[in-house]
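In the working numbering, the protein residues as written are 248 to 455. From the three backbone atoms N, C-alpha and C, an ideal C-beta is built for every residue, glycine too. These notes are about the structure you will find just below.
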């Protein structure tokens, strides 16, 4: 997009529109290239604005990247099936849906975040921005607690520990490939046997 077009965005839609343009540009760059080597200058050039324009809309690079990461997560989640509600279907089927969703989400998001391991401030800003209840992990914990309250799980079920187990497996499935120097193919389907094994282990601990 040319600088002239960026000026039209700013003049026609106000500061908010240009801010959203910058977030969308950074989100697209993360989607295509990940976060390794992502710079303010690179984002500005891709957006068609001068370098300093970013600082008119964001306190620093970390704030922009945190918003771009949130936009990236939301874009990925829109392409995944909706998560089941408490009380619907069976616990086993619902947990399969949550695990499959989580593995697919992490397979896409974690490699993109790999370049931020040395930039913890950006990840902290991102965590503060999304809030615990907005994340897949937060929804998983909320789902398990609701099912326990409905009596569909054991009354003393340690649902927070169960959620940590599920999240840990989803992380490990991707991080083991990343740290081993392998590629993480986003299009590779989640293995049903892997999902079934995890669900069975979780239900053995918290099921009725």
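query, result
"Which first and last residues belong to the alpha helix (DSSP H) in which residue 304 is found?", "Careful: residue 304 lies outside any alpha helix (DSSP H) and carries neither H nor E."
"Between which two residues does the alpha helix (DSSP H) harbouring residue 367 extend?", "367-377"
"Nearest by alpha-carbon distance to residue 282: which of 369, 352, 385 and 350 is it?", "369"
"With a threshold of 8 Å between beta-carbons, can residue 264 be considered close to chain C, or not?", "Annotation note: the requested chain C is absent from the structure, which comprises a single protein chain."
"Are at least three pairs of beta-carbons, each pair with one atom in the stretch 341-353 and one in the stretch 275-295, less than 8 Å apart?", "no"
"How many Å lie between residue 329 and residue 308 at the Cα?", "32 Å"
"Which value, in whole angstroms, describes the spacing of the CA atoms of residue 445 and residue 339?", "11 Å"
"Can you list, in chain order, the residues of its chain with a C-beta nearer than 8 Å to that of residue 450? Leave out the 5 residues immediately preceding and following it.", "338, 339 and 342"
"Would you mind working out which of 420, 388, 416 and 299 sits nearest residue 407, comparing C-alpha positions?", "388"
"Taking C-beta to C-beta, are residue 273 and residue 315 nearer than 8 Å?", "yes"
"Determine the DSSP secondary structure at residue 439, reduced to helix, strand or coil.", "helix"
"Extract the residue ranges of the alpha helix (DSSP H) inside the stretch 337-370, only unbroken runs of 4 or more that lie entirely within it.", "338-360"
"Report the option in 437, 336 and 376 whose CA atom is closest to the CA atom of residue 390.", "336"
"With a threshold of 7 Å (Cβ to nearest heavy atom), would residue 419 be considered close to the ligand FMN?", "This structure does not include the ligand FMN; it has no bound ligands of any sort."
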